[in-house]
Amino acid sequence: MPATPPQVLAIDLGTSGMKAALVAADGTVTGWAERAVTLHVLPGGGAEQDPREWWDALAEVVAELGRGHPEHLRAVTTVCTSTQGEGTIAVDAAGEPLTRCISWLDMRGAEHLRRQFGGPVSYGGFSVPRIARWLRLTGGMPSGTGKDPAAHMLWIRDELPGVYERTATFLNVLDWINLRLTGRTVATVDSILTSWVTDNRRPGAIRYAPSLVAASGIDAAKLPPIVACTEVIGTLSPAAAAHLGLPESVRVVAGAIDNTAAAIGAGTVRDNEPHLYVGTSSWIAAHVPRKKTDVVAQIAAVPCALPDRYLMTALQATAGANLTWLRDKVVEYDDPLLSAGHVSRDETSIFDAFDQILPKVPPGANGVLYTPWLYGERAPVDDANLRAGFLNISLDTTRSDLARAMFEGVALNTRWLAGAVDRFLGAPVTSMAITGGGALSDSWCQIFADVLGHEIRRDARPLAVNARGAGWIGAVGAGLIAFADIPDLIRTDRVFTPDRTHHETYDGIFEVYRSVHKHLAPIYRRLNG
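In this text, residue positions in the sequence shown follow the working numbering: the first is 272, and each later residue adds one.
Below is the structure:
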């Protein structure tokens, strides 16, 4: 039999779980294992995860891969990781975490951010001169919601001064995994982005901007060195090799945060070619040749895995999280939606259950409208006060109507986002790849096509997109392929085309959706501000 080709152990750490797969240079994904990880939602807008739980879960998923595919695990020459972004971990001089990871959902640092960066002439709580400097150097600026490391670090500084004093380095999620793998402390060009202290004007030479570091309120010594996503940062440390059951000779490529990796895994590496990722959160992203920012819509082109390009990313805060909320907080203990469980390779997907329900309800959900802002919104408006809600419920409304309205609400919000993306790219998008767990639903893919009014091309293995992206970044770093090879390696499962009648229906509903935001935003500000 032919020898097993070299494999990349692709680690994919999301908010909901630790996953891993074995990926060949041609994108073939062999094996898939995952373990759920806990999200601790705290009073006052807190959201945390335990890094040690991630590390333990990683050993479990790698062991499972080894049991199912021992020959492929033996062929691993490279490890590369994709993780959730915008988390913050304070580590001591020995690399041990001093706190749980402050998640990208955590909003407790918002007020600390405004105190640090306010001024007499301000916009959104930030000094206008500071905003101008951020936009010129980084291409973006901190989120007023407090959901990124710039705010997280200030919260630790001000609320946990003892921890801040003991902190040797602040690391993003990806950076901490790489530290555990190699013993080396680094940040990638994309993981460091939302600390908002880098000069990103030359995509091949991302570096710290001394003026931004000095103004950040964080000691420069607590920030890690920056490397490219494709850099080989070392080999497995003895402790990591023993933990994973792999040789110490295995190389570790720096990897990327999830939206960067998904843009590679979706195969959309050519300029202005967008993809829609639908997971816990959702985004539209595309590689672009120039640094650019839309301040109003909160869309920016930022450093990414491609060394001579930027990645435009427009983030929707909660997408699949709405369905998780419905399943975990609304359905009864014996409901078939609950027994559908979490999305995974081996279990029945929750989308299988919903796909039995949604086609029975007409477009427009019999008049029910849903706004999917469970935890605020990032783009095309940056507003931490927004919340989700059903509107126009009557005595005739059924649970099926509510379910379809929820899927439609996420798609309507995506259409709102897509309008800003069209303006950013300079031309209307006419076709979009869809990937992530949400793409498993035929009904949702069709709803996206009908609401957006253009074709949706589904990734043949949407759950594997981040792992495949990490695999390809690792393969490029190891010299096995070039990024230019990737479009020929991607596989599409199905193309969904819009139904003209349904699209016309959604045109009218979309106008109502925008009006709902306009009228409810001040109410949410009073309730939650």
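C-beta atoms are modelled at their ideal positions from N, C-alpha and C, and glycine is treated no differently. Keep in mind the model is a prediction, meaning the values are calculated, not measured.
- Per DSSP, Y784 is one residue of the alpha helix (DSSP H) stretching across 771 to 799.
- Counted as a single uninterrupted DSSP element, the stretch harbouring S482 is not any beta strand (DSSP E) but the alpha helix (DSSP H) occupying residues 481 to 486.
- For L582, the enclosing beta strand (DSSP E) covers residues 581 to 587.
- Here A674 carries a helix assignment [DSSP, helix/strand/coil].
- Between V549 and I705, the C-beta spacing is below 8 Å.
- Going by C-alpha positions, T589 is about 21 Å away from L445.
- When secondary structure is reduced to three states using DSSP, M424 falls in the helix class.
- When the five nearest sequence neighbours on each side are left out, the beta carbons in the same chain lying within less than 6 Å of the beta carbon of G395 are those of G415, in order along the chain.
- Distances from the alpha-carbon of E305 to those of Q320, D283, L313 put D283 closest.
- Excluding the 5 residues flanking it on each side, D429 has same chain C-beta neighbours closer than 6 Å at H383, in chain order.
- In this structure, R675 lies near A636, with their beta-carbon atoms less than 8 Å apart.
- Shown here, C351 sits in a strand according to DSSP, grouped into three states.
- Around the beta carbon of V783, fewer than 16 other beta carbons lie within 10 angstroms, which makes this residue exposed.
- The continuous stretches of beta strand (DSSP E) do not include E502, and DSSP gives it neither H nor E.
- Here Y646 carries a coil assignment [DSSP, helix/strand/coil].
- Check the Cα spacing between A749 and each of T501, G366, P391: the tightest is with T501.
- In terms of Cβ geometry, N663 and G638 form a close pair [threshold 8 Å].
- Around V766, the same chain offers E726, I727, R728, R729 as residues with beta carbons nearer than 8 Å, after the five sequence neighbours per side are excluded.
- Residue pairing by DSSP places I570 opposite D565 in a beta bridge.
- Cβ neighbours of V484 within its own chain (closer than 8 Å, five residues either side excluded): V468, A491, L494.
- Cβ contact annotation for H343 (same chain, cutoff 8 Å, sequence separation greater than five): T275, Q278, L293, T301, G302, L336, in chain order.
- Cβ neighbours of W715 within its own chain (closer than 6 Å, five residues either side excluded): F678, G709.
- In the displayed model, K631 falls within a helix according to three-state DSSP.
- N737 and S487 have their C-alpha atoms roughly 31 Å apart.
- Annotation for A731: R762, T763, D764 place their beta carbon closer than 7 Å to its own, counting only its chain and skipping 5 residues before and after.
- Contact check between the region 526 to 546 and the region 682 to 701: three or more CB pairs, one atom from each, fall below 8 Å, which counts as touching.
- Comparing C-alpha distances from K290 to each of E319, A513, A330 shows the shortest one belongs to A330.
- With a cutoff of 8 Å on beta-carbon distance, N471 and G410 are scored as near each other.
- With fewer than 16 neighbouring CB atoms inside 10 Å of its own CB, H790 falls in the exposed class.
- S552 is positioned such that its CB atom lies closer than 8 Å to that of A592.
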